[in-house]
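Report on the structure given below.
Protein chains: 2
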Amino acid sequence: MIVNVMEEVVEEVLKRYQTQLKLCCECQHCTTDVKALALNDLKPKYVTNPDHSVYVRAVLEGDPQEVTKLLSVVTRAASKVSSNPRCDSDFTQKTS
Amino acid sequence: MIVNVMEEVVEEVLKRYQTQLKLCCECQHCTTDVKALALNDLKPKYVTNPDHSVYVRAVLEGDPQEVTKLLSVVTRAASKVSSNPRCDSDFTQKTS
């Protein structure tokens with residue numbers, strides 16, 4: 004079975020920085036859109052053995068440049084989704 | 004649910020060009036290694052709705068440049084695995 008470790012990493016960033024990302028909507032639809040957008044902008048890191056993902060993540064999270072890139076990609080994806088959410092939540096009350 | 008359409012596309016290429024790729028071993032372990040290596044060299048194409056993968060694949064397969072890149076990436080991954088297979092098949096009979 005192959006796994007793209009970046010999926011877990013982006014999921015973790017979304018959870019850890021949820022408040023700072025200021026998503027206008029945190030529904031499943033919107034967070035999934037942010038994840039897909041971010042992953043399409045990040046180099047994949049597939050492993051054939053899920054046990055190896057811990058190692059790959061450690062290398063990633065230990066590299067300041069990778070972390071900075073990761074945060075900027077996720078932040079950009081979050082603002083794209085926030086400016087144009089595709090879910091059917093009603094934003095009129097929130098913004099007035 | 005998010006899906007990287009490239010996973011299906013690489014799987015399809017492996018099946019369609021199995022003979023031309025001349026993998027020294029076609030066991031699950033080796034084909035999975037080829038898939039992971041190839042995917043790590045290809046820009047991901049995540050979709051949030053699996054029904055959209057058909058559309059993304061059509062655009063990909065309709066672009067000669069993408070198809071050429073895809074075939075060269077998979078061929079390179081296949082030759083890397085063939086020159087250094089990690090599975091425990093015994094290659095001594097095959098090569099003597």
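First to last, the protein sequences are chains H and B.
Residue numbers for the first sequence, in the numbering used here: 4 to 99.
Residue numbers for the second sequence, in the numbering used here: 4 to 99.
Heads up, the beta-carbon is just placed ideally off N, CA and C, and yes, glycines get one too.
All of these numbers come straight from a predicted model, not from anything done at the bench.
Self-check item: Spatial neighbours of residue 74 of chain B in its chain, beta-carbon cut-off 8 Å, leaving aside the 5 residues before and after
Solution: Here the set comprises 16, 20.
Exercise. With DSSP collapsed to three states, give me the class of residue 58 of chain H.
Key: If DSSP states are grouped into helix, strand and coil, residue 58 of chain H belongs with the helices.
Quiz prompt | Cα-Cα separation, residue 46 of chain B to residue 92 of chain B | solution = Near 32 Å, if we compare the C-alpha coordinates of residue 92 of chain B and residue 46 of chain B.
Quiz item: Would you call residue 36 of chain B buried or exposed, if buried means 16 or more other Cβ atoms sit within 10 Å of its Cβ?
Solution: Here residue 36 of chain B is buried. Its C-beta has 16 or more other C-beta atoms within 10 Å.
Practice problem: Give me the Cα-Cα distance between residue 53 of chain B and residue 67 of chain B, rounded to the nearest whole angstrom. | Solution: So the two alpha carbons sit approximately 24 Å from each other.
Quiz item: Counting contacts by CB-CB distance shorter than 9 Å, is residue 87 of chain H in contact with chain B?
Solution: No, no contact with chain B.
Exercise. Select from B/82, B/88, B/90, B/50 the residue whose C-alpha is nearest the C-alpha of residue 1 of chain B.
Key: No information on residue 1 of chain B is available, as it lies outside the stretch 4 to 99 that chain B covers here.
Quiz item: Under 8 Å Cβ-Cβ, which residues of chain B neighbour residue 39 of chain H?
Solution: 5, 49, 50, 51, listed in chain order.
Quiz item: residue 42 of chain B touches chain H at which residues, Cβ-Cβ below 8 Å?
Solution: 5, 7, 47, 49, listed in chain order.
Quiz item: alpha helix (DSSP H) containing residue 24 of chain H: first to last residue?
Solution: Membership of residue 24 of chain H in the alpha helix (DSSP H) is indicated by the continuous run 21 to 24.
Exercise. State the start and end residues of the unbroken alpha helix (DSSP H) segment that holds residue 82 of chain B.
Key: Counting along the chain, residue 82 of chain B sits inside the alpha helix (DSSP H) bounded by residues 67 to 86.
Quiz item: Counting only beta-carbon atoms, is residue 35 of chain B nearer than 9 Å to chain H?
Solution: Yes, contact with chain H.
Quiz item: Of all Cβ atoms in chain C, is any one closer than 9 Å to the Cβ of residue 10 of chain B?
Solution: No chain C appears in the structure shown, which is made up of the protein chains H and B.
Practice problem: Report the residue from B/27, B/13, B/90, B/63 whose alpha carbon sits nearest the alpha carbon of residue 82 of chain B. | Solution: The shortest Cα separation from residue 82 of chain B among B/27, B/13, B/90, B/63 belongs to B/27.
Quiz item: By how many angstroms is the C-alpha of residue 63 of chain B removed from the C-alpha of residue 80 of chain H?
Solution: Between the alpha carbons of residue 80 of chain H and residue 63 of chain B lies a distance of about 23 Å.
Quiz item: For residue 34 of chain B, which residues from the same chain have a beta carbon less than 8 Å from its beta carbon, with the 5 sequence-adjacent residues on both sides left out?
Solution: Same-chain partners within the cutoff: 17, 26.
Quiz item: What's the call for residue 86 of chain H, buried or exposed, on a 16-neighbour Cβ count within 10 Å?
Solution: Under this definition residue 86 of chain H is an exposed residue.
Quiz item: Would you report the Cα separation of residue 57 of chain B and residue 78 of chain H, rounded to the nearest angstrom?
Solution: One C-alpha to the other measures close to 29 Å.
Quiz item: Looking only at C-alpha atoms, which of B/39, B/89, B/61 sits nearest to residue 13 of chain B?
Solution: When only C-alpha atoms are compared, the closest one is B/39.
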